[in-house]
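A.B. asks: Submitted below is the structure of interest, expressed as structure tokens.
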Amino acid sequence: MTTPGAKAMTGVAAAAVAVGVAQLVGAAFGPQADVRTAVGSAVIELTPGAVKEWAIDTFGTADKLALTVMVLAVIAVIAAVAGILESRRRPIGSTAIVAAGGVGCAAVLSRAGATLVDIVPTLVGTACGVAVLRLLVSGRFTDEGEEASTDQGRRLSLVTLGLLGAGVASGALGVVITRLASSVSGDREAFALPKVNKAAAPIPDGVQPKGVALPSFVTSNSDFYRIDTALSVPQLSRQDWRLRIHGMVDREVTYRYEDLSRFEVVEKVVTLTCVSNPVGGELISNAVWTGYRVGDLLAEAGVQPDADMVLSMSVDGWSAGTPVEALTDGDALLAIGMNGEPLPIEHGYPARLVVPGLYGYVSATKWVTDLELTRFDRAEAYWTRLGWSARGPIKTESRIDVPRSGQDVPVGPVTFGGVAWAQDRGIRAVEVQIDDGDWRQATLGDAYSGDTWRLWSFPWDARETGFHTITVRATDNDGYTQTPDRADPVPDGATGWHSITFAVR
Ligand SMILES: Nc1nc2c(c(=O)[nH]1)N[C@H]1C(S)=C(S)[C@@H](COP(=O)(O)O)O[C@H]1N2
Ligand SMILES: [Mo]
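Those letters in the sequence shown? Residues 45 to 549, per the working numbering, in order.
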């Protein structure tokens, strides 16, 4: 046990045992004791907003996987160094593991609803990690730890590898058990949506332009974009769900799931959009939502007149700040269903907010459990603390879906198309420009409502071979026409014309 490589391996083995045991023991304590998720969430929490944006941009929906890989890589490197530095006299490596365990405990305790009991798995894991490291450097396998024979050296590395494998295996087992034990997919499958009292207006066929492969007017649940900071999807059963309404109200109210049955069940078609959506981006989708009017729920609590913000909170501590009037105007939903099914777990099961006209970061709280009536000059929500605007009305925008950038278009007649949106004003017109030509009116699909996107198509005769550009701009029902001024998503949403280059061949 002399080479630095072998020493590094002892450190990695010790860390694997520490993390693996913490994960396995954690399975008995439930998801709130999961140190891996806690550290990952703390990293997300502490990462500067710009870096988060970059991560969402670079890794997209794989951003969480990328984070997990990064955290594990950092742990492995620290562990390797700790292994090299550990000696029988100077337990620097053990100290490092204890320090890492301390960081893990702090991360667990920083999570919403954590208690002291939740750090037990981390403490047990840390103790096991230290024990393994001390054991491996103690020389018990190497005859006083000095000149090891080849045979003893081999035995040691086998022990090291065995412990490493055991650590990884127990970690994996812990993750699987935690998932299975906490999953609410059974709870969701057992749930039948209540009968709708006030159905959404039927969706006319004409919303979908013909002869061009555009996104479906209603996005399927599996195609719906997903954005959130949750490293592991919160698992909240209907039984455990509560919605507390407090703060600047006449009387505090806490609803249980079954209490909702006394409210009218309404259905609305609403297009959600993410403020991080770049010009031409995919972070927009449209669904039929089933739920209760937030206004009805708030009315029972009695909103005080000087409250101007509702700070909504999710079970995992994320928050959004929404103007009170956006929630009381009758269009905002506490949604429990999406496209006729209970909300998918990753879209907020068992209940979330859906508010027409506002970007998701200031309104669309998933796994929502708490509404606090407060004021914009008193409270700040998650993304606002990170430098995003406190108010987030959706900007008028349009996107080209056909052709795709770089696509070859055969000579002859062709139909282009895309989507345009300006929730909750609605789209009045879409215009298209080919190369430097005149702006020409696109054909609009039927308007459904101001709260939904509008699909458009544009028939064109491709004659001249070579490269061309297509540019789109929309006009909303307030008469505002998109300008070419480019704005980044930060701090309150991207603007600018979407333009694409294609080739006619
Ligand atoms: N609990 C929770 N709710 C959240 C978020 C989050 O990070 N956590 N992200 C919000 C953002 S930024 C958007 S754009 C929408 C996206 O909703 P979706 O994932 O169902 O499309 O959820 C909102 N609700
Ligand atoms: Mo978002």
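Where a beta carbon is used, it is the ideal one built from N, C-alpha and C, also for glycine.
(1) Report the rounded CA-to-CA distance for VAL61 versus ARG282, giving the unit in angstroms.
(2) Please enumerate, following chain order, all residues with a beta carbon closer than 7 Å to at least one heavy atom belonging to ligand 2.
(3) Within a Cβ cutoff of 6 Å, which residues of the same chain sit near ALA486, ignoring the five residues on either side of it in sequence?
(4) Tell me whether SER433 sits in a helix, a strand or coil according to DSSP, three-state version.
(5) Drop a sphere of 10 angstroms on the beta-carbon of MET561, count the other beta-carbons inside from all chains shown, and report buried for 16 or more, exposed for fewer.
(6) How is VAL534 classed by DSSP in three states: helix, strand or coil?
(7) Ligand 1 heavy atoms versus the CB of THR170: any closer than 6 Å?
(8) Please return the same chain residues whose Cβ sits closer than 8 Å to the Cβ of VAL240, not counting the five positions on each side in sequence.
(9) What is the residue span of the alpha helix (DSSP H) that SER543 lies within?
(10) Looking only at DSSP bridge pairs, what is ALA473 linked to?
(11) Give, in chain order, every unbroken run of the beta strand (DSSP E) that is at least 3 residues long and sits entirely within the segment 309-355.
(12) Would you say LYS410 touches ligand 1, meaning its beta carbon is less than 6 Å from a heavy atom?
(13) Leaving out the 5 sequence neighbours to the left and right, which residues in its chain are closer than 6 Å to VAL174 when beta-carbon positions are compared?
(14) Whole-angstrom Cβ separation of PRO278 and TRP432, contact assumed at under 8 Å?
(15) At what residues does the beta strand (DSSP E) containing VAL463 begin and finish?
(16) Taking Cβ to Cβ, would you say ILE122 is nearer than 7 Å to PRO48?
(17) Rounded to whole angstroms, how far is the Cβ of GLY324 from the Cβ of LEU371, which I believe are closer than 8 Å?
(18) Using only CA atoms, which one of VAL453, GLU424, ASN521, THR513 lies nearest to ALA466?
(19) Is it the case that the CB of TYR269 approaches a heavy atom of ligand 1 more closely than 6 Å?
(20) By Cβ distance below 6 Å, which residues in the same chain neighbour TRP362 in space, the five residues on each side in sequence not counted?
C.D. replies: Let's see:
(1) On the sequence shown, position 17 is the one that residue 61 refers to. On the sequence shown, position 238 is the one that residue 282 refers to. Taking the straight line joining both Cα atoms gives about 36 Å.
(2) Per the Cβ criterion, the list is ILE271, CYS318, VAL319, SER320, LEU327, TYR403, GLY404, TYR405.
(3) Here the question's residue 486 lines up with position 442 in the sequence shown. Within the same chain, ALA486 has close Cβ partners VAL474, VAL476, TRP500, PHE502.
(4) Position 389 of the sequence shown, counted from the first residue, corresponds to residue 433. SER433: coil per DSSP, three-state reduction.
(5) With the chain covering 45 to 549 only, the question about residue 561 has no answer from this structure.
(6) Mapped onto the sequence shown, residue 534 falls at position 490. The three-state secondary structure of VAL534, taken from DSSP, is coil.
(7) As a position in the sequence shown, residue 170 is number 126, starting the count at 1. Result no, Cβ not under 6 Å from ligand 1.
(8) Walking along the sequence shown from the start, residue 240 turns up at place 196. Answer for VAL240: VAL309, VAL310, GLU311, THR334, listed in chain order.
(9) Here residue 543 corresponds to residue number 499 of the sequence shown, with the count starting at 1. First-last for SER543: 542-548, but that is the beta strand (DSSP E), not the alpha helix (DSSP H).
(10) Residue numbering aside, residue 473 sits at position 429 when the sequence shown is read from its first letter. Paired residues: THR519.
(11) Fully enclosed beta strand (DSSP E) runs of 3 or longer: 310-317, 328-337.
(12) In the sequence shown, residue 410 corresponds to position 366, counting from 1. Set against 6 Å, the gap from the CB of LYS410 to the closest heavy atom of ligand 1 is smaller.
(13) In the sequence shown, residue 174 corresponds to position 130, counting from 1. Only SER138, ILE141 meet the Cβ criterion.
(14) For this step, residue 278 is matched to residue 234 along the sequence shown. For this step, residue 432 is matched to residue 388 along the sequence shown. With 8 Å as the limit, PRO278 and TRP432 do not qualify as a contact, their Cβ atoms being about 22 Å apart.
(15) Mapped onto the sequence shown, residue 463 falls at position 419. Unbroken beta strand (DSSP E) run through VAL463: 456-465.
(16) Counting from one through the sequence shown, the residue named residue 122 turns up at place 78. Counting from one through the sequence shown, the residue named residue 48 turns up at place 4. Not a contact, by the Cβ cut-off of 7 Å.
(17) For this step, residue 324 is matched to residue 280 along the sequence shown. For this step, residue 371 is matched to residue 327 along the sequence shown. Going by Cβ atoms, the distance from GLY324 to LEU371 rounds to 31 Å, so no, they are not a contact pair.
(18) On the sequence shown, position 422 is the one that residue 466 refers to. The alpha carbon of ALA466 has as its nearest neighbour, out of VAL453, GLU424, ASN521, THR513, the alpha carbon of ASN521.
(19) Position 225 of the sequence shown, counted from the start, is the residue given in the question as residue 269. At least one heavy atom of ligand 1 is found less than 6 Å from the C-beta of TYR269.
(20) Taking the sequence shown and counting its residues from 1, the one referred to as residue 362 is at position 318. Spatial neighbours of TRP362 in its own chain (CB-CB distance under 6 Å, excluding positions within 5 residues in sequence) are listed in chain order as THR273, TYR426.
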